[in-house]
Amino acid sequence: MIPSEIFISYSWKEESNKVADELEKIFKEKSINILRDIKAPEYKGLIREFMQRVGKGKFIILILSDKYLKSENCIYELIQIYKTGKFQERIFPVVLDSAKIHKAVDRVEYVNYWEKEIKALDNKINTGHLSALKNIYEELDLCNEINQHIIQLSDILKNINAFALKAHREEKYADLIKSIEKQVKIDTEGEVLEPVHDPEIEVPADNSPEAKRLRELHAKIEEHYKMLDDFENQHKENSEPREDIRIRQEINKVRLRIRQYKEEINMIRG
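All residue numbers for the sequence shown refer to the numbering used here, where the first residue is 3 and numbers rise by one.
Below you can see the structure in the form of structure tokens.
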């Protein structure tokens, strides 16, 4: 049995939009409701609210493309899906040729892309007026969060056994439909999805220098996530503009250190 509500997370660019149209048509023929941002009138003008709703959805088809992985809105949506928990059980990727996620050297390019975006925003902050800084900092916070998660998310996505677009089209997305049906059968009704920070890091138990360093890095990441939670709580409670800027700067510093620890972990693990 297919659920009555399935979301599609995708870029609005031509090829991704075409795939979304194809999926909507095929699922409609099976009397299955596909929810897309541009087809949800109750969310007109409230795109962020719709993305948060997608993030909590139980079944989400991802149409992955280069534009998707370079879009603030798309990656924000992906992060919301990930943070809700049970990430791999809830997503059903369709990988377009432009999405370069299968080689490490290509995935690094997405990290570089978001780091350039962060530097550009930093430059705006240094030259911007105080009245405009709030909006710039909000955008900077999002870019930092994206850069914090992009390595882990792309690593998870490249390991999922997802068909390329050509294969899906040849069989009219039959494998995608079967995958969703299978997940519905094993899904526990009413199960609470636990929020998560990151995929669990496998830490070797031996006493090799690499294993010891991995354990140290894992502990540092956990410690910094607690610091991040503290600063984010301060930010929610604060109403003073200058203090708001200071707290945001501290949040960005903590996120940067977390990203650096994760990059070192990836280097050690090869």
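All C-beta atoms, glycine included, are put in the ideal place defined by N, C-alpha and C.
Keep in mind the model is a prediction, meaning the values are calculated, not measured.
Would the beta-carbon of residue 62 fall within 7 Å of that of residue 38?
No, Cβ-Cβ distance for residue 62 and residue 38 is not below 7 Å.
Could you spell out the range, first to last residue, of the beta strand (DSSP E) harbouring residue 7?
It spans 7-11 - the beta strand (DSSP E) in which residue 7 sits, taken as one unbroken run.
Answer yes or no: do residue 53 and residue 26 have a C-beta to C-beta separation smaller than 7 Å?
At the C-beta level, residue 53 and residue 26 stay beyond 7 Å of one another.
Three-way DSSP call (helix, strand, coil) for residue 221 in this model:
Residue 221 falls in the helix class under three-state DSSP.
Is it true that the CB of residue 122 sits closer than 7 Å to the CB of residue 68?
No, they are not a contact pair.
Three-state secondary structure (DSSP) of residue 98:
In the three-state reduction of the DSSP assignment, residue 98 falls in the coil class, being assigned neither a helical nor a strand state.
Whole-angstrom distance between residue 269 and residue 279, CA atom to CA atom:
The structure shown does not extend to residue 279, since the chain spans only 3 to 272, so no value can be given for it.
Less than 8 Å between C-beta atoms, sequence neighbours within five positions excluded: which residues of the same chain meet that for residue 141?
Same-chain partners within the cutoff: 74, 123.
Limits of the unbroken beta strand (DSSP E) element including residue 62:
First-last of the beta strand (DSSP E) with residue 62: 62-66.
Residue 126 versus residue 158 - alpha carbon distance
Answer to the nearest angstrom: the Cα atoms are 33 Å apart.
Which word fits residue 146, buried or exposed, when buried means at least 16 other C-beta atoms lie within 10 angstroms of its C-beta?
With 16 or more neighbouring CB atoms inside 10 Å of its own CB, residue 146 falls in the buried class.
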